[in-house]
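Engineer: Okay, so the sequence shown: first residue is 1 according to this note's numbering, each after it adds one. Sharing a structure, written as structure tokens. Questions coming.
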Amino acid sequence: MSMFDDIPVDVGVIYEGERIRKDGMQVELGGPKQAAKFELVRAKKMDEIEDEKVNVIGPDLKDLPVGGNVPFGIYIEVAGKAIEEDLEGVTERRIHEYLNFIEGIMHLNQRYDIWIRVSKKSFQKGLNSFTYIGKVLARLYKSELPFIEKIQMTFITDPAKVKEMYDQAMEIYEVRDAKARGMKDEDVDTFYGCTLCQSFAPTHMCVITPQRYSNCGSISWFDGRASAQVDPKGPVFAIEKGELLDAEKGEFSGVNESIKQKTLGSVDRVWMYTGFGYPHTSCGCFEAMAFYIPEVEGYGIVDRGFKGVTVNGLAFSTLADSGAGGRQVDGFHGISIEYMRSPKFLQADGGWDRIVWMPQSVKDRVKEFMPKEIVDLVATENDAKTVDELTAFLKQKNHPVVKRWKEAVAEEAPAAEGEEAPEATVFPVSTATVSAGGFKIIFKNAKIHAEKVIIKRDKPKR
Ligand code: SF4
Numbered sequence: 001m002s003m004f005d006d007i008p009v010d011v012g013v014i015y016e017g018e019r020i021r022k023d024g025m026q027v028e029l030g031g032p033k034q035a036a037k038f039e040l041v042r043a044k045k046m047d048e049i050e051d052e053k054v055n056v057i058g059p060d061l062k063d064l065p066v067g068g069n070v071p072f073g074i075y076i077e078v079a080g081k082a083i084e085e086d087l088e089g090v091t092e093r094r095i096h097e098y099l100n101f102i103e104g105i106m107h108l109n110q111r112y113d114i115w116i117r118v119s120k121k122s123f124q125k126g127l128n129s130f131t132y133i134g135k136v137l138a139r140l141y142k143s144e145l146p147f148i149e150k151i152q153m154t155f156i157t158d159p160a161k162v163k164e165m166y167d168q169a170m171e172i173y174e175v176r177d178a179k180a181r182g183m184k185d186e187d188v189d190t191f192y193g194c195t196l197c198q199s200f201a202p203t204h205m206c207v208i209t210p211q212r213y214s215n216c217g218s219i220s221w222f223d224g225r226a227s228a229q230v231d232p233k234g235p236v237f238a239i240e241k242g243e244l245l246d247a248e249k250g251e252f253s254g255v256n257e258s259i260k261q262k263t264l265g266s267v268d269r270v271w272m273y274t275g276f277g278y279p280h281t282s283c284g285c286f287e288a289m290a291f292y293i294p295e296v297e298g299y300g301i302v303d304r305g306f307k308g309v310t311v312n313g314l315a316f317s318t319l320a321d322s323g324a325g326g327r328q329v330d331g332f333h334g335i336s337i338e339y340m341r342s343p344k345f346l347q348a349d350g351g352w353d354r355i356v357w358m359p360q361s362v363k364d365r366v367k368e369f370m371p372k373e374i375v376d377l378v379a380t381e382n383d384a385k386t387v388d389e390l391t392a393f394l395k396q397k398n399h400p401v402v403k404r405w406k407e408a409v410a411e412e413a414p415a416a417e418g419e420e421a422p423e424a425t426v427f428p429v430s431t432a433t434v435s436a437g438g439f440k441i442i443f444k445n446a447k448i449h450a451e452k453v454i455i456k457r458d459k460p461k462r
């Protein structure tokens, strides 16, 4: 029995988190195989749109190849007296939540990166047209966000139209992102928090500041402000900064209080500009992951779109799992691409001087915001495919991290005359757990120095 009589499948919060595997999918819309895909919300005037109208450009669900994959776009236009452009970002982010409420629909990611699957089971129940999906979205939007008085939507599967609108969408995202650039966290008294991702990461709260964009890359400080004004009790809310406790690491009393309250005490301290100590929590829909590479004392960055394995032999999905779920994990830090353009980017860890590897495509996107002298010193998959190759590359380029290796060697392991000093690795951790022989050893606020870390699988003696 459906929540809506005229919709063939059920709709409700219980379907959030439903996974649709390849063999159970009717069709896949967007996703990693498609270069062009998007979701976009635009604010319109009341007389510019027709309320609850659903358009389909290209083949509808029933005409798409079974088990196939197609380019895809969702374009939503909203109008209302209180609606302004700054509400577009947060309204757009709700597509993820509302689509996932529909039985047999799985929606991942955001903006230019969307990945949607429709299940065979729901298709067979009659979910064979985008019109049904449009009707559900319109009702959820209007009941949950009362500032929306009219809503019209368009689903696009026609490849040429998707590409054309994708190009326009990319320009619109850029204009939104650029708006807060140049503003400083010091210039404002209020930050914004978002708990939309708590449905799957209960201890996560994004702290959105002018210089630390939300993890998903979809909600800027301006978007947060607009949303908190029209819907102050909603999942996006104001945070009074309170007292500045640490300017370098980015710790504020108001942020600590807010996250403590919103996570029911699970997290009570956040340092916003570092990946160590008390880093900003990582949910699961961050655009990229900064991962510490202890061998070179620097960070690699990998984005969701990177298909290969990174320089440490792990793919995005594995690295993402290491930090996701609303945790604060030393050295695994979920970030947005826009945060990489911020002067506060991992400031307490050394900022760009600490970044050693990233995919070429990410470098191309952020290059103009990197300090000029560092651009050529950061390796990509074209320069280094293994940590050994990376070490050689960094040495050859004299990347700023190389100085750290030398300092660490001088401090920690003075070599005997004529003997080559081992290169020590300094790996600061706030909490680390090691299990051995039935005991658990917990290190708190420790600095571990190791010449080598060997992880061996325990084989039972025969
Ligand atoms: S990543 Fe952060 S800002 Fe984006 S939807 Fe999730 S909680 Fe909100």
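Glycine included, each C-beta is placed from N, C-alpha and C at the ideal position. Nothing here was measured: the structure is a model prediction, and the numbers come from that model.
Taking the alpha helix (DSSP H) that K121 falls in, what are its first and last residues?
Structural biologist: On the sequence shown, position 121 is the one that residue 121 refers to. Unbroken alpha helix (DSSP H) run through K121: 120-124.
Engineer: Which partner residues does H107 have in the DSSP bridge list?
Structural biologist: If you number the sequence shown from 1, residue 107 lands on position 107. I116, per the DSSP bridge assignment.
Engineer: Hey, out of W352, S336, V402, whose CA is closest to M370's CA?
Structural biologist: Here residue 370 corresponds to residue number 370 of the sequence shown, with the count starting at 1. For the residues W352, S336, V402, the minimum Cα distance to M370 belongs to W352.
Engineer: Kindly give me the distance between the Cβ atoms of L61 and F130, rounded to whole angstroms, as I take these residues to be in contact under 8 Å.
Structural biologist: What you label residue 61 is simply residue 61 of the sequence shown in a count that begins at 1. What you label residue 130 is simply residue 130 of the sequence shown in a count that begins at 1. Going by Cβ atoms, the distance from L61 to F130 rounds to 6 Å, so yes, they are a contact pair.
Engineer: Using 7 Å as the cut-off, classify the Cβ of N100 as near or not near the heavy atoms of the ligand SF4, replying yes or no.
Structural biologist: Taking the first residue of the sequence shown as 1, we reach residue 100 at position 100. No, since every heavy atom of the ligand SF4 falls outside the 7 Å radius drawn around the Cβ of N100.
Engineer: For the region 290-298 against the region 255-271, do three or more pairs of beta-carbon atoms, one drawn from each stretch, fall closer than 8 Å, so that the two count as touching?
Structural biologist: Flag = no, the region 290-298 and the region 255-271 do not touch.
Engineer: Give me the Cβ distance between G217 and V207, rounded to the nearest whole Å; I'm assuming they're in contact under 8 Å.
Structural biologist: Translated into positions along the sequence shown, residue 217 becomes position 217. Translated into positions along the sequence shown, residue 207 becomes position 207. With 8 Å as the limit, G217 and V207 do not qualify as a contact, their Cβ atoms being about 15 Å apart.
Engineer: Thinking just about the alpha-carbon of each residue, which of V296, K184, L87 is nearest to the one in A226?
Structural biologist: As a first step, residue 226 must be located in the sequence shown, where it is residue number 226. For A226, the nearest C-alpha among the options comes from L87.
Engineer: Is K179 near F123, with beta carbons less than 8 Å apart?
Structural biologist: What you label residue 179 is simply residue 179 of the sequence shown in a count that begins at 1. What you label residue 123 is simply residue 123 of the sequence shown in a count that begins at 1. Cβ distance not < 8 Å, so K179 and F123 don't count as in contact.
Engineer: State yes or no: is the C-beta of A43 within less than 8 Å of the C-beta of V90?
Structural biologist: If you number the sequence shown from 1, residue 43 lands on position 43. If you number the sequence shown from 1, residue 90 lands on position 90. Not a contact, by the Cβ cut-off of 8 Å.
Engineer: Does L244 pass the burial test, meaning 16 or more other C-beta atoms within 10 Å, or should it be called exposed?
Structural biologist: What you label residue 244 is simply residue 244 of the sequence shown in a count that begins at 1. Flag for L244 reads exposed.
Engineer: Apply the 10 Å Cβ neighbour rule to E420 and answer buried if 16 or more other Cβ atoms are within range, or exposed otherwise.
Structural biologist: In the sequence shown, residue 420 corresponds to position 420, counting from 1. For E420, the predicted structure reports a pLDDT of 44, less than 50, and the residue's modelled location is therefore unreliable. The matter cannot be settled from this model.
Engineer: Does the ligand SF4 have even one heavy atom less than 7 Å from the beta-carbon of L108?
Structural biologist: By one-based count along the sequence shown, residue 108 stands at place 108. Outside the cutoff, so no.
Engineer: Let me know if G182 comes out buried or exposed under the rule of 16 or more other beta-carbons within 10 Å of its beta-carbon.
Structural biologist: Numbered from its first residue, the sequence shown carries residue 182 at position 182. So G182 ends up on the exposed side.
Engineer: For the region 319-327 against the region 337-346, do three or more pairs of beta-carbon atoms, one drawn from each stretch, fall closer than 8 Å, so that the two count as touching?
Structural biologist: Counting Cβ pairs under 8 Å, fewer than three are found: no touch.
Engineer: In three-state DSSP terms, what is T157?
Structural biologist: As a working note, residue 157 is residue 157 in the sequence shown. Coil.
Engineer: Is the Cβ-Cβ distance between K344 and D185 less than 8 Å?
Structural biologist: Position 344 of the sequence shown holds residue 344. Position 185 of the sequence shown holds residue 185. Yes, the pair counts as a contact, with Cβ atoms nearer than the cut-off.
Engineer: Less than 8 Å separating the beta-carbons of T274 and A348?
Structural biologist: Counting from 1 along the sequence shown, the entry for residue 274 is found at position 274. Counting from 1 along the sequence shown, the entry for residue 348 is found at position 348. A contact, by the Cβ cut-off of 8 Å.
Engineer: What residue does the alpha helix (DSSP H) around Y98 start on, and which one ends it?
Structural biologist: On the sequence shown, residue 98 is found 98 positions in, with the first residue counted as 1. Unbroken alpha helix (DSSP H) run through Y98: 88-100.
Engineer: When DSSP labels each residue in this structure, what does T209 get in the three-state scheme?
Structural biologist: Here residue 209 is taken as the residue at index 209 of the sequence shown, counted from 1. Strand.
Engineer: Identify, in the order they occur along the chain, each residue of the same chain with its Cβ nearer than 8 Å to the Cβ of K121, setting aside the five sequence neighbours on each side.
Structural biologist: Taking the first residue of the sequence shown as 1, we reach residue 121 at position 121. G24, G104, listed in sequence order.
Engineer: What distance in whole Å lies between the Cβ atoms of I355 and Y299, which are believed to be in contact at a cut-off of 8 Å?
Structural biologist: The residue you call residue 299 lines up with position 299 of the sequence shown. The residue you call residue 355 lines up with position 355 of the sequence shown. Confirmed, about 5 Å.
Engineer: Tell me the rounded alpha-carbon separation between T386 and P159.
Structural biologist: Here residue 386 is taken as the residue at index 386 of the sequence shown, counted from 1. Here residue 159 is taken as the residue at index 159 of the sequence shown, counted from 1. Rounded to whole angstroms, T386 to P159 spans 37 Å at the Cα level.
Engineer: Specify, as a first and last residue, the run of the beta strand (DSSP E) that I259 falls within.
Structural biologist: Counted from its first residue, the sequence shown places residue 259 at position 259. Not the beta strand (DSSP E): I259 falls in the alpha helix (DSSP H), residues 253-262.
Engineer: Which residues bound the alpha helix (DSSP H) around F130?
Structural biologist: Within the sequence shown, residue 130 is the residue found at index 130, counting from 1. Looking at the DSSP string, the run of the alpha helix (DSSP H) that includes F130 is 130-144.
Engineer: Tell me the DSSP secondary structure of E186 in three-state form.
Structural biologist: Here residue 186 corresponds to residue number 186 of the sequence shown, with the count starting at 1. Helix.
Engineer: Given the structure, does H333 come close to the ligand SF4, in the sense that its CB is under 7 Å from one of the ligand's heavy atoms?
Structural biologist: Along the sequence shown, one-based indexing puts residue 333 at 333. No.
Engineer: Are there any heavy atoms of the ligand SF4 lying less than 7 Å away from the beta-carbon of R42, as far as the coordinates show?
Structural biologist: Within the sequence shown, the letter at position 42 stands for residue 42. False, no ligand heavy atom lies under 7 Å from that Cβ.
Engineer: Which residue wins for smallest C-alpha separation from K22, given the options Q198, Y15, S119, L377?
Structural biologist: The sequence position of residue 22 within the sequence shown is 22, counting from 1. The option with the nearest alpha carbon to K22 is S119.
Engineer: Where H107 and R304 are concerned, what is the direct C-alpha to C-alpha distance, given to the nearest angstrom?
Structural biologist: Residue 107 sits at position 107 when you count from the first residue of the sequence shown. Residue 304 sits at position 304 when you count from the first residue of the sequence shown. Cα-Cα distance, rounded: 15 Å.
Engineer: Any chance the region 45-53 sits against the region 231-238, with 3 or more Cβ pairs inside 8 Å?
Structural biologist: The region 45-53 is not in contact with the region 231-238.
Engineer: Which residues bound the alpha helix (DSSP H) around A226?
Structural biologist: By one-based count along the sequence shown, residue 226 stands at place 226. Residues 221-230.
Engineer: Which residues bound the alpha helix (DSSP H) around R365?
Structural biologist: Walking along the sequence shown from the start, residue 365 turns up at place 365. Counting along the chain, the alpha helix (DSSP H) containing R365 begins and ends at 360-366.
Engineer: Residue range of the beta strand (DSSP E) that D246 falls in?
Structural biologist: Working through the sequence shown from its first residue, we reach residue 246 at position 246. Residues 244-246.
Engineer: Contact defined as beta carbons within less than 8 Å: I believe E39 pairs with R111. What is the distance between those atoms, to the nearest angstrom?
Structural biologist: The sequence position of residue 39 within the sequence shown is 39, counting from 1. The sequence position of residue 111 within the sequence shown is 111, counting from 1. That pair is a contact at about 7 Å.
Engineer: Would you tell me roughly how many angstroms separate the C-alpha atoms of K142 and K372, rounded to the nearest one?
Structural biologist: Walking along the sequence shown from the start, residue 142 turns up at place 142. Walking along the sequence shown from the start, residue 372 turns up at place 372. When rounded, the distance between both Cα atoms is 47 Å.
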